[in-house]
Amino acid sequence: AQSVTQLDSQVPVFEEAPVELRCNYSSSVSVYLFWYVQYPNQGLQLLLKYLSGSTLVKGINGFEAEFNKSQTSFHLRKPSVHISDTAEYFCAVSEPAGNKLTFGGGTRVLVKP
Amino acid sequence: NAGVTQTPKFQVLKTGQSMTLQCAQDMNHEYMSWYRQDPGMGLRLIHYSVGAGITDQGEVPNGYNVSRSTTEDFPLRLLSAAPSQTSVYFCASSSRTGSMNTEAFFGQGTRLTVV
Chain A
783 AQSVTQLDSQ VPVFEEAPVE LRCNYSSSVS VYLFWYVQYP NQGLQLLLKY
833 LSGSTLVKGI NGFEAEFNKS QTSFHLRKPS VHISDTAEYF CAVSEPAGNK
883 LTFGGGTRVL VKP
Chain B
780 NAGVTQTPKF QVLKTGQSMT LQCAQDMNHE YMSWYRQDPG MGLRLIHYSV
830 GAGITDQGEV PNGYNVSRST TEDFPLRLLS AAPSQTSVYF CASSSRTGSM
880 NTEAFFGQGT RLTVV
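Just so you know, the protein sequences line up as chains A and B, in that order.
Going by my numbering, the first residue of the first sequence is number 783, and it counts up by one from there.
Going by my numbering, the first residue of the second sequence is number 780, and it counts up by one from there.
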């Protein structure tokens with residue numbers, strides 16, 4: 783069985799400041815890792831994914847994440863946030879051979895002017 | 780390009796009523812799934828399908844039924860609605876290239892309230 787823990791339920795941050803959202807996972811097998819973003823009253827949109835290869839993954843809208851196998855983490859970062867980054871962010875894992883996603887509880891990011 | 784389409788967007792049901800949430804995708808994806816989203820719990824898998832005629836249970840299947848008669852459609856049925864089923868429901872689809880999964884594409888969600 784897999785599990786995902788997002789360590790912060792809410793993260794307030796000022797505009798143009800950096801932000802880091804933490805994600806740790808547990809799995810007995812190798813996994814694929816994802817970050818999704820949900821804007822208010824919208825569905826989920828893929829920000830980035832790690833399947834294999836380089837542990838630093840770049841995504842859309844200036845976000846990046848680093849896979850750390852020894853710490854079983856996949857933290858999301860952005861060096862300078864905008865008001866438009868206000869949203870809920872979800873970390874998720876899946877087994878490479880399957881399509882079932884296991885999600886963390888989500889982190890709400892509120893960007894303040 | 781429509782992607783994944785869910786209907787309705789909002790629904791209020793009385794306890795004990797039944798209803799079907801519709802989901803359709805136009806990307807010819809083999810894999811479709813239903814999740815429910817509850818505050819602080821992320822999204823949890825209800826049922827999924829790896830192709831037409833094949834369905835299986837996810838993490839929280841009780842009270843829900845699904846069928847997959849075509850590649851495009853994957854309806855979710857609530858048999859007898861309960862207040863505990865008040866939630867936002869998302870349908871997702873994805874495909875595979877060789878042995879690797881592609882990303883999951885999500886619909887806009889159905890907000891269901893059971894009173």
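Just so you know, even glycine gets a beta-carbon here, dropped at the ideal spot from N, CA and C.
What is the residue span of the beta strand (DSSP E) that residue i lies within?
i, result
"Met-798 (chain B)", "798-804"
"Asn-881 (chain A)", "That residue, Asn-881 (chain A), is in no beta strand (DSSP E); it is neither H nor E in DSSP."
"Met-811 (chain B)", "810-816"
"Pro-749 (chain A)", "The question about residue 749 (chain A) has no answer here: the residues shown for chain A are numbered 783 through 895."
"Ala-874 (chain A)", "869-876"
"Gly-825 (chain A)", "No beta strand (DSSP E) holds Gly-825 (chain A); DSSP gives it neither H nor E."
"Gln-785 (chain B)", "783-786"
"Ala-871 (chain B)", "866-873"
"His-826 (chain B)", "822-830"
Is the beta carbon of residue j closer than 8 angstroms to that of residue i?
i, j, result
"Gln-792 (chain A)", "Leu-892 (chain A)", "yes"
"Glu-882 (chain B)", "Ser-873 (chain B)", "yes"
"Tyr-807 (chain A)", "Gln-784 (chain A)", "yes"
"Pro-800 (chain A)", "Pro-895 (chain A)", "no"
"Gly-782 (chain B)", "Phe-884 (chain B)", "yes"
"Val-875 (chain A)", "Thr-884 (chain A)", "yes"
"Glu-838 (chain B)", "Ala-803 (chain B)", "no"
"Leu-800 (chain B)", "Thr-889 (chain B)", "yes"
Since residue i and residue j should fall inside the 8 angstroms C-beta cutoff, what is the C-beta to C-beta distance between them, to a whole number of angstroms?
i, j, result
"Leu-829 (chain A)", "Tyr-818 (chain A)", "6 angstroms"
"Phe-872 (chain A)", "Leu-826 (chain A)", "7 angstroms"
"Cys-805 (chain A)", "His-864 (chain A)", "The pair is not a contact, with the Cβ atoms about 22 angstroms apart (cut-off 8 angstroms)."
Which term fits residue i, buried or exposed, when burial requires 16 or more other beta carbons within 10 angstroms of its beta carbon?
i, result
"Ile-825 (chain B)", "buried"
"His-808 (chain B)", "buried"
"Phe-869 (chain B)", "buried"
"Leu-838 (chain A)", "exposed"
"Thr-889 (chain A)", "buried"
"Thr-849 (chain B)", "exposed"
According to DSSP, is residue i part of a helix, a strand, or is it coil?
i, result
"His-836 (chain A)", "Per the sequence shown, residue 836 (chain A) should be read as Ser rather than His. Coil, per DSSP."
"Asn-841 (chain B)", "coil"
"Gln-784 (chain A)", "coil"
"Gly-841 (chain A)", "coil"
"Ser-863 (chain B)", "helix"
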